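For reference, the structure is listed below as structure tokens.
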């Protein structure tokens, strides 16, 4: 025991070294509290020009600001739905080819330096630099340049007057500080230590990123838009089962996309409650008109429009929706989500009609044999359905397999684990049918990437190689409609044509059941990101627990 | 002896080079690359731009030559899943794995040897039969299954110990020193227990066999005839001689433990080498995958070398 004493003392001392000094005093009044958010993965980037996935976007939007912020309607035409952020006000040029943004003189970066007009110019240059390769760059093609009129006035110049030109600059450009990143060669931004420790002007400031472990933000108490009402937000990458357990036993406070098959537990849980949010995305079953990996050889089954329509009509989408989502699901109407500002509720996917579906298959030469399965010229009606690791989509794939079986089609499910191999198959067109989805930003221009001829190839997302001149024309008109009504009319005509061409079976609009701790007052969730107004979420003093009292202490690095 | 060590080091180097080369090519032939994992909203053109920027569009042999050059200069590359240098990721993960494996190995050897000796000295008793059955069961359990069961039982159903992470991921940094120490120990218990139970079973079985070979030996009979106590006979004479084969087995157990830690780290979200490698493979983080394989091979080779040296040190026959 005598020998053990020094060892024990050393171990205790070691533990003491790794812990932090005393926490700072907890915030008083309305502000205060710690939010712990388990996430399905780590962020892949925190530097706005590179951010692409959800965790990175959430942190980017909390740490950085835009010139102006869109409201919950997500209307992208004009500037009426935007509220000032870094820009205190803005003035349109008479020809509408430029907008002068007046920077709020109170705006400060987290290192205390003022936000300047030159930061807006630097931001545009970085986002737009081909050497950077920002995923946002394709949305900035209408921006010509940014000039500095004076230290607090930046003028954004456009190539054309378009309905969404304000949205293009206000929504897509997340303003970054030139004095922090300007000295880094753009080719090295991706691997620079500075871009991993972002300095922004948002209501939360970045504290720490321990890869695979946690990302921590705290309130910027001197922020020009007012301090965040929470003290601290901690993102913790967790596997879904662990995250669900943590939410249900009160160890975590908020989870996006709670496992749908366990969502009913939230109704009676003492720690957390469900918040159902419709998103802008939708999920569909893609039917490849071309043979796998080919861009010219017709697919032996799906190149026939009658077969695609028959399969669309032969599946009971409503019953599948109820089976998977219970009463929170939303049936897809077509190649858009009903929550989008350009949606048209009068459009509908083909109705469920197995008699008509079977007749259509018969007429296209696919005849049922004695075993109930169909053949045409000796070739069985059999195809592979590729599905990612999403549990919801996997459940759907099994239900679809059974529905197709009743029509006389044999389906082999190809479950792909991991995103890279799934995306590789998708990009190469190496599939017969695929459970696919599309999560656009609020602008209808994103639809072009998936359904227009210009979206084919590496610049777009049109993996199905879908092409229809009528659709192209309507989608082009969507981008030039100056009123929301006109925009919806053009979009609606494009959607009608796509539905008629049946390149896919429209299954469901994306809806997530978020889980939030019952002690948190959640306000202003937006369909394009639950975190949009997180700085105004509060935890009432009488509901605070131990972790809410950490205050504004910073962890030891 | 020196020639033997030099020869072993040479063999070890060849093993590491072969393993590294294989892993380098295998991970690159798998579908996807470091830029495939990112959001589906990123267009293929942007992905191609990034691939070109970081040289992943070059022929694989050219990438290999470049990589070997970097490693020779001491640069293990950049991790795109963690946005940090690979050397930094490894510097954090390796000590965590060594802590887990080190504590588990020490406990397994300690407990395994005691159980093995007790079994051998009470051969065919109820203790021997009962513990043999339990050990055989433990020995037969797949490590990932055992880890899942222990995690479920103690971490989720009974909630007596934390079943995830190395410390409380959100509050550890703000705990008082004693609470932080307790937090660290609590998080260590379940993963260490899993590895210990599985490894201890193997050690106990080897130790029992070794003791059973030694106990009937002439020198033990002589010791008994001299009137030594049974305790002295067992621990001073029989045990020390039965320990020699155990040292050789330690060399084999270390890589097995490292392999087992991969599953255990995954199940318990222990941020060590196993979890790092698993996440790197999932994200096609080429440099990180190859580096974890290099470090894993080095650890196995060094472990084996140490076991060999120890074996030579305690067994004169091997030295000859």
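Protein chains in written order, with the working numbering: chain A, 845 to 1401; chain B, 141 to 460. Where a beta carbon is used, it is the ideal one built from N, C-alpha and C, also for glycine. No experiment lies behind these values; they were computed from the predicted model shown.
| Item | Value |
| --- | --- |
| Based on DSSP bridge pairs, tell me the residues matched to residue 432 (chain B). | According to DSSP, which records beta bridges pairwise, residue 432 (chain B) is partnered with nothing at all. |
| Name the one or two DSSP bridge partners that residue 1129 (chain A) has. | A:1279 and A:1349 |
| Out of A:945, A:1175, A:1253 and A:964, which one is the CA nearest neighbour of residue 953 (chain A)? | A:964 |
| Between B:250, B:342 and B:410, which lies nearest to residue 329 (chain B) when the distance is taken from Cα to Cα? | B:410 |
| So, is the C-beta of residue 1305 (chain A) closer than 8 Å to a C-beta in chain B? | yes |
| In the DSSP assignment, the alpha helix (DSSP H) including residue 1259 (chain A) goes from what residue to what residue? | Segment 1254 to 1259 is the beta strand (DSSP E) holding residue 1259 (chain A); no alpha helix (DSSP H) there. |
| Alpha helix (DSSP H) containing residue 1135 (chain A): first to last residue? | Neither: residue 1135 (chain A) is in no alpha helix (DSSP H) and is coded neither H nor E. |
| Got a sec? Which residues, its chain only, sit under 6 Å from residue 489 (chain B) by beta carbon, not counting five neighbours each side? | For residue 489 (chain B) there is no data in the structure shown, the boundaries of chain B being 141 and 460. |
| Flag residue 1031 (chain A) as yes if its beta-carbon sits less than 8 Å from any beta-carbon of chain B, otherwise no. | yes |
| Based on DSSP bridge pairs, tell me the residues matched to residue 204 (chain B). | According to DSSP, residue 204 (chain B) bridges with nothing at all. |
| How would you label residue 910 (chain A), buried or exposed, when you count the other beta carbons within 10 angstroms and need 16 or more for buried? | buried |
| Leaving out the 5 sequence neighbours to the left and right, which residues in its chain are closer than 7 Å to residue 395 (chain B) when beta-carbon positions are compared? | 440 and 443 |
| Taking residue 1336 (chain A) and residue 1191 (chain A) to be in contact with their CB atoms under 8 Å, please state how far apart those CB atoms are, rounded to whole angstroms. | 6 Å |
| What's the C-alpha gap between residue 917 (chain A) and residue 1176 (chain A)? | 20 Å |
| Is the stretch 1343 to 1353 of chain A touching the stretch 1153 to 1169 of chain A, taking contact as three or more C-beta pairs under 8 Å? | yes |
| What's the gap between the Cα of residue 990 (chain A) and the Cα of residue 188 (chain B)? | 28 Å |
| Check this for me: beta carbons of residue 317 (chain B) and residue 1268 (chain A), under 8 Å apart or not? | no |
| Residue 292 (chain B): buried (16+ other C-beta within 10 angstroms of its C-beta) or exposed? | exposed |
| Shorter than 8 Å from the beta carbon of residue 89 (chain B) to some beta carbon of chain A? | Since the first residue shown for chain B is 141 and the last is 460, residue 89 (chain B) is missing from the structure and cannot be characterised. |
| Leaving out the 5 sequence neighbours to the left and right, which residues in its chain are closer than 8 Å to residue 191 (chain B) when beta-carbon positions are compared? | 173, 175 and 197 |
| With 16 as the cutoff for other CB atoms within 10 Å, does residue 261 (chain B) come out buried or exposed? | buried |
| Are the CB atoms of residue 1173 (chain A) and residue 1355 (chain A) nearer to each other than 8 Å? | yes |
| Could you tell me which chain A residues have their CB closer than 9 Å to the CB of residue 185 (chain B), listed as they occur along the chain? | 977, 982, 1301, 1302, 1303 and 1304 |
| Quick check: is the beta carbon of residue 1124 (chain A) nearer than 8 Å to any beta carbon in chain B? | no |
| For residue 869 (chain A), count neighbouring C-beta atoms within 10 Å of its own C-beta (all shown protein chains included) and say buried if the count is 16 or more, exposed if not. | The predicted model places residue 869 (chain A) with a pLDDT of 41, which falls under 50 and marks its position as unreliable; any figure quoted below should be read in that light. With fewer than 16 other Cβ atoms within 10 Å, it is exposed. |
| For chain B, find out if any of its Cβ atoms is closer than 8 Å to the Cβ of residue 1347 (chain A); answer yes or no. | no |
| Can the beta-carbon of residue 971 (chain A) be found closer than 8 Å to that of residue 981 (chain A)? | yes |
| Taking residue 388 (chain B) as the reference, which of B:259, B:154 and B:447 has the closest Cα? | B:447 |
| Going along chain B, which residues have a C-beta under 7 Å from residue 1244 (chain A)? | Neighbours of residue 1244 (chain A) on chain B: none; closest Cβ ~21 Å, over 7 Å. |
| Give the straight-line distance between the Cα atoms of residue 361 (chain B) and residue 367 (chain B), rounded to the nearest whole angstrom. | 10 Å |
| Short check: CB of residue 1383 (chain A) to CB of residue 314 (chain B), under 8 Å? | no |
| Taking Cβ-Cβ distances shorter than 7 Å, what residues in chain B pair up with residue 1077 (chain A)? | What residue 1077 (chain A) touches in chain B: nothing, since even the nearest Cβ is about 10 Å away. |
| Counting only the same chain and skipping the five closest in sequence on each side, list residues whose C-beta sits under 6 Å from that of residue 1266 (chain A). | 1232 and 1260 |
| Note down, one range per segment and in chain order, each beta strand (DSSP E) of at least 3 residues found wholly within the stretch 899 to 941 of chain A. | 912 to 914, 926 to 928 and 931 to 936 |
| According to a CB-to-CB cut-off of less than 7 Å, which residues of the stretch 1379 to 1398 of chain A neighbour chain B? | 1391, 1394 and 1397 |
| Helix, strand or coil: how does DSSP classify residue 381 (chain B) here? | helix |
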